[in-house]
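The opening position of the sequence shown corresponds to residue 86 in our numbering, with each subsequent residue numbered one higher.
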Amino acid sequence: MAEEVKNKKPKTTKSGSATQVQSLSRALLLLERLAASDMGMSLTEVAASLGLAPSTAHRLLNSLRSHDFVDVDETQGLWSIGVNAFSIGNAYLKKRDVIAQSRPFMKRLVAETGETSNLAILEQDRVVYVGQVESPQTMRMVVSLGSSSPLHASGVGKALLSVIPSKEAMALIRQTELTAFTEHTITRYEQFEQELGRIHQQGYSLDDEEQFEGLRCIAANIYNEYGEAVAAISISGPAVRVKRERLPQLSTLVMDAAREVTHAIGGKPPKA
86 MAEEVKNKKP
96 KTTKSGSATQ
106 VQSLSRALLL
116 LERLAASDMG
126 MSLTEVAASL
136 GLAPSTAHRL
146 LNSLRSHDFV
156 DVDETQGLWS
166 IGVNAFSIGN
176 AYLKKRDVIA
186 QSRPFMKRLV
196 AETGETSNLA
206 ILEQDRVVYV
216 GQVESPQTMR
226 MVVSLGSSSP
236 LHASGVGKAL
246 LSVIPSKEAM
256 ALIRQTELTA
266 FTEHTITRYE
276 QFEQELGRIH
286 QQGYSLDDEE
296 QFEGLRCIAA
306 NIYNEYGEAV
316 AAISISGPAV
326 RVKRERLPQL
336 STLVMDAARE
346 VTHAIGGKPP
356 KA
């Protein structure tokens, strides 16, 4: 009597598993090749770039096309990245949103220091505040999102200026002028240029009551994948709490937060 076989699932062999992994690896490499091509690639070019037979490359392309990861121009026979690959890539851009990525680290800074944390970007000749986590203290520094501060008299402004080529930074400052807001504001161009050099070396800036009497701010830059400063993160608080003896500790916390946000958005600090 013939043996009855019911509901038996096919076994997955080691060789079958290895083949699946190899196919996945090839598909991912294929997507990389197409993404790097501006005009698209022919089947022959795709196969040659992966070291595959044209028939194998064609099967991979058709499989990816069925899921909208690749597309083909039938008239020219050129394959290119499809809409689904774009959607997945766009999800990474959401991850890199510097404002959203910064917020957990800003909250941590407030918890660690007790002071308000701000996030600012460089916008032409000023810095604009785009994020804030307020201190729980009754006496605290608060700014409205979208408001701006002068470049030369704010911690975030000086931090962002410090990584711009000196000639460009000073040309920008000469346009805006070194207006004195307090007796502590730097108003001499030579002194300000030296200040930017010092900030660049130490990795953080200090607004030492330069915009408002009795207020100190410590800031450090967040960088993108090209080593360009895209924002500055800071803490600000009354000078009676942000005391000089606390500056080494507080500046380290701010720099740590800036470095971690940089990593979270896939950035890297500029080369020394």
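The beta carbon of each residue, even a glycine, is placed where N, CA and C say it ideally should be. In this text the structure is predicted, and so the values were computed from the model without any measurement.
| Item | Value |
| --- | --- |
| Boundaries of the beta strand (DSSP E) in which Ser-319 is found, first to last residue | 314-323 |
| Simplified DSSP assignment, three categories, for Gln-161 | coil |
| Beta carbon of Ala-254 nearer than 7 Å to that of Gln-296 | no |
| As assigned by DSSP and simplified to three states, the class of Thr-98 | In this prediction, Thr-98 has a pLDDT of 47, which is less than 50 and means its spatial position is unreliable; what the coordinates show is noted afterwards. In the structure shown, Thr-98 sits in coil (DSSP, three-state: anything other than H, G, I, E or B). |
| Cβ-based burial, His-152 [other Cβ within 10 Å; buried from 16] | exposed |
| Given Arg-301 as reference, the closest of Val-325, Thr-337 and Glu-208 once Cα atoms are compared | Val-325 |
| Inter-residue CB distance, Glu-280 and Lys-243 (contact presumed, cutoff 8 Å) | 7 Å |
| Within 7 Å, strictly: CB atoms of Tyr-311 and Pro-354 | no |
| Arg-225 in three-state terms, based on DSSP | coil |
| Coil, strand or helix - Ile-173 by DSSP | helix |
| The region 341-350 contacting the region 186-197, beta-carbon criterion three pairs below 8 Å | yes |
| Assigned exposure category for Gly-351 - 16 Cβ within 10 Å defines buried | exposed |
| Collapsed DSSP secondary structure at Asn-306 in the structure displayed | strand |
| Sequence-distant residues of its chain with Cβ nearer than 6 Å to Arg-211 (five each side left out) | Ser-233 |
| Stretch-stretch touch, CB-based, cutoff 8 Å, three pairs: the region 141-155 with the region 106-116 | yes |
| DSSP state of Glu-117 mapped onto helix, strand, coil | helix |
| Ser-321 burial status per 10 Å Cβ neighbour count (16 or more: buried) | buried |
| Supposed close pair Pro-323, Gly-288 - CB separation, criterion 8 Å | Going by Cβ atoms, the distance from Pro-323 to Gly-288 rounds to 24 Å, so no, they are not a contact pair. |
| DSSP-derived helix/strand/coil call for Leu-246 | helix |
| Reduced DSSP category for Glu-294 - H, G, I as helix; E, B as strand; rest coil | coil |
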